[in-house]
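Residue numbers for the sequence shown follow full-length UniProt numbering, beginning at 1 and rising by one. Idealized CB from N, CA, C, for every residue including glycine.
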Amino acid sequence: MKLGLSTYSLYAALRQGEMTVFDVIDWTAAHGGEHVEIVPLGFSLDEDPGLPEAIAERAAQRGIVISNYAISANFLQPTAEAYEREVERVMREVDIARRLGASRMRHDVAWLPAEEGSIQRFEAELPRLVDACRRIADYAAQYGITTSVENHGYFVQASDRVLRLVSAVDRPNFRTTLDVGNFLCVDEPPLVAVQKNLPFASMVHLKDFYYRPGHRQPGEGWFPTAGGNWLRGAILGHGDLDIWGILKAIKSFGYDGYVSVEFEGLEDCRLGARLGLANARRIWEAV
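Below, the structure written as structure tokens:
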């Protein structure tokens, strides 16, 4: 396992101007991270034309790899022209990944409210999702970049839907960024889902949630699952996911790629990221 951190874990400090992306790289290296995943939230890669190269240089100076570049995207556009614009925009983001020196890039594919995300709608929309992902993967292949879809955003969050898309795209450089916690957003048992999707993972996100059933509405700070239950981000190892079982499954499978800790809890982000990295390392060594 190559353990590192998603810059999203320190989003609160980035958003509040307490840290820059360079500070996050330094912080990750200082806390034993082997790599950093660049998620442009809390900072913009458009603010300075040389910023991608500067980020790559800082990472190299600190001896860590830029493992992945993760962006949002939505190919469920209302017109053919808007669809083409979105595909072309994501291709330009591939160029950013190349400039960062990242060998992997995650892009989302669709955003719909949970109540609109039926399996019938998924099958109807699948051809244009496949077309977009295939074209972007083919474009990225010239740079040796593997693109991926994350189980993210309700519509393509269940393990079988991810597998359906990856199989239909049918490109060796199109995989999945496997987020161990996000399956709970569609009420799927995370351990089972992780084991199903592991063979197709380009990298792994480690995250934890607190979970409450729907009839126990816990108040502010929680969000609903597709089935009406409740989730809140937790420090890795503190929440209700079986992180021990999940890491054991990942280790037993023989996965030895990049693993990013992703913290999105209510605690101070530096505390959450630091404890998450420490717990990931400690549990991995124990299972």
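- A buried status is given to residue 39, since no fewer than 16 other beta-carbon atoms sit within 10 Å of its beta-carbon.
- It is roughly 31 Å from the alpha-carbon of residue 124 to the alpha-carbon of residue 96.
- If you look at residue 179, you'll find it in the beta strand (DSSP E) that goes 174-179.
- Within a 10 Å sphere around the beta-carbon of residue 9 sit 16 or more other beta-carbons, which makes this residue buried.
- The C-beta of residue 282 has fewer than 16 other C-beta atoms within 10 Å across all chains shown, which makes the residue exposed.
- Contact annotation, residue 73 with residue 90: C-beta distance approximately 5 Å; criterion of less than 8 Å satisfied.
- Its chain contains 214 as the residues whose beta carbon lies nearer than 7 Å to that of residue 228, once the 5 sequence neighbours on both sides are disregarded; these appear in chain order.
- Per DSSP, the unbroken alpha helix (DSSP H) holding residue 125 starts and ends at 119-141.
- Apart from sequence neighbours up to five positions away, the residues of its chain that approach residue 204 with a beta-carbon distance below 6 Å are 178, 259, ordered along the chain.
- Taken through DSSP and simplified to helix, strand or coil, residue 65 comes out as strand.
- Here the C-alpha atom of residue 52 lies approximately 16 Å from the C-alpha atom of residue 35.
- Taking 8 Å as the cut-off, the Cβ atoms of residue 93 and residue 66 do not count as close.
- Per DSSP, reduced to three states, the secondary structure at residue 44 is coil, with no helix or strand assignment.
- Three or more Cβ pairs closer than 8 Å define a contact, and the region 230-240 meets that threshold against the region 206-213.
- Note that the region 113-129 touches the region 151-165; at least 3 beta-carbon pairs, one per stretch, sit closer than 8 Å.
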